[in-house]
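What follows is a short report on a single structure.
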Amino acid sequence: MQKQKAILAITVATMLGAMVSTFVAGCTSNDAPTPGSTTTDSTPDVEAMIEMPSEEPAEEMPAEAPAEVPAAEEKPAEPPTLEAPANEPAQEEKPAAAPAAEEKPAEEKPAAETPTAAPAAEKPADSTTENPKIVAGEWNQWGGNGLRNNTPVAKNVPMEWAPGKFDRKTGAWDKASSQNIKWVASLGSQTYGNTVVASGKVLLGTNNSNAYLKRYPSDIDLGVLVCFDEKDGKFLWQHSSEKLPTGRVHDWPMQGVCCSPLVEGNRLWFVTSRGEVRCLDTEGYYDGVDNGPVTREPARLFDLVKADDAAADKVGPAVAELDAGKLNADLRASLDKVGVALPEGVEVKVDAAAKAPLKKWTFTAKVGESEREFYVTLAGPRLSVFRITTPDDKDEADTIWTYDMMKSLGTSQHNMCSCSVTALGDILFVNTSNGVDESHLVVPAPDAPSFIAMDKNTGEVFWTDSSPKDLILHGQWSSPTVAMIDGVPQVIFGGGDGWLYSFRADKGKDGKPELLWKFDANPKTTILELGGRGTRNDIISTPVVYDNKVYFATGQDPEHGEGVGILYCLDPTKRGDISAELVQNREDPTKEVERKRIQAAVESEGDVVVPNPNTGVVWAYTEFDNNGDGEIDDFMEKFHRSISTPVIQDGLLFIPDFSGLFHCVDAKTGKCYWTYDMLAAAWGSSMIVNGHVFVGDEDGDIAVFEVKKEAHDPVAEINMVNSVYSTPIIANEVLYIANKDHIFAIQAEDAVGTGNEKTDSE
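If you use mature numbering (1 follows the signal peptide of the UniProt record, and there is no 0), the sequence shown corresponds to residues -25 to -1, 1 to 737, in order.
So this is what it looks like as structure tokens:
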């Protein structure tokens, strides 16, 4: 099948994250001016402002530290040996050029209305002895709860629907051509974030190509977390993450926010594309309150850049008028363009406290019925105008607290930061995305944390861990899983070094966690090579806990294309190094062998590979002889690289790989029952509900299978008009599917027709 064509299309269009996104090298800054971060009401950092318009991140204000029945026993398959080149490690090469960013014109935006009220936040207990059960209702995080098994409960699941047609010029949705669609809402031009539905809100990450906010037109690239009303899809508010001044090495163009938030009551937590952990009010400003401790956030309205041609320059004349206490016509016209109509006679004051070379002016003016505060800064050639955010700004996000991991921990995310956070009680768990530099040869911040635990109420960091250190292969984009296993709370992280780590899920001691076990997901002779040619893989898949076992897959950045992968089942009750193999010194087996990044065991250096008597591998699936001919087909009978998360129910595991092969596997033994070729790359994961498993692909097809071990064709296959990079979910009897630029709320026919339907053009 035409897999290489599919991968090339991905590269040209831009992109991971499916949950993840494409992560390639290159730290060339964007040529065109793009905005930076918007946070607290503070003086902008002068150096950052000269590079690009970027406000200092919000001041961090952490307070003081405040089962299912298993199937009948079958003998697990023996962990297979993954074939790997026996030669010495190849020299790493410089990566290819980055793909061009895709843009999409803005579409008509629905007007915001009063959203469904959210329940008050409930403070969970600090500890629990049982794992949460999935019940019908909300879907408040990636995977529904910390176990990450995407198996929602619903009865009236639609099996037939049609997304409808869209006008190619205006983008307007033709409702008459649709079936079983409750509502549709526009997204950016690339959407990798998975949908969350809670507290009457629908939330997911995308980019800014739809331009819901007037102050950010569609040609300004942002990472966006967008919020819609669950009942009718009306746009409510968005959080906007401006691009980092360091460029694509840390903040790849057009990828948007690629993770999912965690929602509890009227609070949500997520990781921005800038590497910030943020806590937001799910109500935004609809509750009429600017909740803190972060308050009075400055919102960048626009920038003017000094022109080389004096006759065309708008900055000089504007500054002259500002110094004279006035706003000139150019500034007023720019304010009008973003919806700020100012009265005459506005008095501008020079802020004498601004430190040179920065200049700052302030003014207040009545806008509508409210008195509003503004300020203007000049940093280098850039003049920037800001408005202090208040509860009048219903379309803006209300930040409670923020924690900048790059600034506070010294992390250096590769291409982007993407982690769908989870929590146990009041403890929030985050993967920092620390990774390699633009050359892919060096980990610039080897001692920076890869994994952290925080107080979700305040943003205080309880503990950090930097186990992957300088052995990170590429990036770190897996999301943590948390579960009670044999009475022990475990938080499980996929490390950027290809190891899975489990820590006691508590507040740690002296800023450090207790390591319970670790597992090397790569056979020791696999080799890291750039461009996807090697056999040494990353962990981008999110681990799943089912029946006291841990399941996950190995893969690589989608930019690296196809290759061999492994699907694992581990016993998490083991302790210590539970890898399948160990590396020893040939001459002295008692001598400790230093871990290596390119290849764990190098024969010429005296390394030998031996079985690990303490292994936690229950089974490992790499291939199977489906037709019994004694030979392994290179495509249909192998498990390929995967960035997807497995789903498991009734002892059956389902997972797509990136080559587009959909696998049905016995969760207890690792036996593969059947595969199905979707004929397109799979970026997202599957969902099991009401006896059926749903999975999407890059061609935009949603295939629906029965949950059974007998091989069969899909019982339904419906195209969603555009590529599907995320994962279907169900909440409150409604199926949600996001393609790359729209989200669809799909409901069975007898439930549709409530009068809340909308079109994109409303």
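Idealized CB from N, CA, C, for every residue including glycine.
Neighbourhood of residue i by C-beta distance below 7 Å, restricted to the same chain and skipping five residues each side
i: G540; result: N512, A528, T529, G530, F614, H615, R616, S617 and D632
i: T702; result: N125, N169, G659, S660 and M662
i: V558; result: K499, V568, A575, A576, D582 and V584
i: P138; result: S153, I156, M695, V696 and F719
i: T590; result: I553, S554 and A555
i: K484; result: none
i: S442; result: S425, G470 and Y476
i: W212; result: C202, G259, K369, D370, E371 and A372
i: G462; result: T104
i: residue 745; result: A query on residue 745 cannot be resolved here, the shown segment of the chain reaching from -25 to 737 and no further.
Beta-carbon contacts of residue i that lie in its chain and below 8 Å, excluding the five residues immediately before and after
i: V172; result: E113, W114, N115, L178, E205, I704, A706, N707, V709 and Y711
i: I721; result: P133, W136, N155, I156, K157, V709, L710, Y711 and I712
i: K482; result: A40, I402, A428, F437 and W438
i: R561; result: G581, D582 and V583
i: H667; result: V132, M134, V679, F680, E681, V682 and V690
i: A188; result: Checking the displayed sequence, the identity of residue 188 turns out to be Leu instead of Ala. Cβ neighbours of L188 beyond the five flanking positions: Q213, S215, D370 and E371.
Below-8 Å beta-carbon distance, residue i vs any chain B residue
i: E251; result: Considering every chain present, this structure includes no chain B. It has just one protein chain.
Other residues of its chain near residue i: CB distance less than 6 Å, five sequence neighbours each side excluded
i: F338; result: V321, V323 and F349
i: L279; result: K289, V290 and L358
i: L276; result: R190, V313, V360 and R362
i: A282; result: D288
i: L306; result: A293
i: P564; result: none
i: A327; result: none
i: A92; result: Confidence is the limiting factor: at A92 the pLDDT is only 43, short of 50, which leaves the residue's position unreliable, though a coordinate-based value still follows. So no residue of the chain qualifies.
i: L542; result: A528, Y596 and F614
i: A655; result: A(-20), G635, D672, E673 and D674
Which residues DSSP lists as bridging residue i, in chain order
i: F494; result: L475
i: Q531; result: According to DSSP, Q531 bridges with nothing at all.
i: K176; result: A173 and D204
i: W244; result: L237 and C254
i: W114; result: V172
i: Q559; result: V583
i: T181; result: V199
i: K140; result: D149
i: I402; result: L399 and D430
i: Q213; result: V201 and E371
i: V159; result: F719
i: V525; result: V520 and L545
i: Q154; result: A137
i: V539; result: H615
i: H638; result: I630 and T650
i: G469; result: L475
i: G551; result: W492
i: N409; result: Q388
i: K487; result: K484
Expected contact under 8 Å - CB spacing of residue i and residue j to nearest Å
i: P547; j: I460; result: 5 Å
i: D445; j: P424; result: D445 to P424, Cβ: 14 Å. No contact.
i: G198; j: S184; result: Between S184 and G198 the Cβ distance is about 12 Å, and since that is not below 8 Å, they are no contact.
i: Q230; j: N182; result: 7 Å
i: V664; j: A129; result: 5 Å
i: K493; j: W474; result: 5 Å
i: G717; j: A331; result: A small fix is needed here, since residue 717 is His in this sequence, not Gly. Actually they do not touch by this definition, with Cβ atoms about 49 Å apart.
i: A595; j: G645; result: 7 Å
i: R572; j: L503; result: 7 Å
i: V520; j: L545; result: With 8 Å as the limit, V520 and L545 do not qualify as a contact, their Cβ atoms being about 10 Å apart.
i: L636; j: D652; result: 6 Å
Any non-hydrogen atom of the ligand GDP closer than 7 Å to residue i Cβ
i: V417; result: Ligands in the displayed structure: none, and consequently the ligand GDP is not present.
### Message
Contact between the region 443 to 451 and the region 404 to 412 is defined here as three or more beta-carbon pairs at a separation below 8 Å; is this criterion met?
### Response
These segments touch.
### Message
Could you tell me which whole beta strand (DSSP E) segments of length 3 or greater appear in the region 337 to 399?
### Response
Secondary structure in the region 337 to 399: the beta strand (DSSP E) runs of 3 residues or longer, each lying completely within the stretch, are 345 to 354, 357 to 363, 373 to 379 and 397 to 399 in chain order.
### Runs of beta strand (DSSP E) lying entirely within the region 584 to 631, each at least 3 residues, in chain order
Listed in chain order, they are 592 to 596, 622 to 624 and 627 to 631.
### Every unbroken beta strand (DSSP E) inside the region 415 to 467 [3 residues or more]
426 to 430, 436 to 440 and 456 to 460, all fully within the region 415 to 467.
### Task
Taking 8 Å as the threshold, find out whether the region 118 to 129 comes into contact with the region 671 to 688 through three or more Cβ pairs.
They do not touch, by the three-pair rule.
### Query
Curious, which full-length beta strand (DSSP E) runs of at least 3 residues does the region 651 to 718 contain?
Taking 3 residues as the minimum length, the beta strand (DSSP E) runs contained wholly in the region 651 to 718 are 662 to 664, 667 to 671, 676 to 681, 691 to 694, 704 to 706 and 709 to 713, in order along the chain.
### Query
Below 8 Å, can you find three or more Cβ-Cβ pairs linking the region 240 to 260 to the region 372 to 381?
Here the region 240 to 260 lies against the region 372 to 381, with 3 or more beta-carbon pairs under 8 Å apart.
### Query
For the region 679 to 699 against the region 134 to 151, are there 3 or more C-beta pairs whose distance is under 8 Å?
Taking a cut-off of 8 Å for Cβ pairs, the region 679 to 699 and the region 134 to 151 touch, as three or more such pairs fall below it.
### Query
Which ranges would you report for the beta strand (DSSP E) in the region 258 to 335 if only whole runs of at least 3 residues count?
For the region 258 to 335, whole beta strand (DSSP E) runs of length 3 or above, ordered along the chain, are 273 to 280.
### Query
Can you find at least 3 beta carbon pairs, one from the region 377 to 391 and one from the region 216 to 230, that sit closer than 8 Å?
The region 377 to 391, when compared against the region 216 to 230, does touch it at the 8 Å Cβ threshold.
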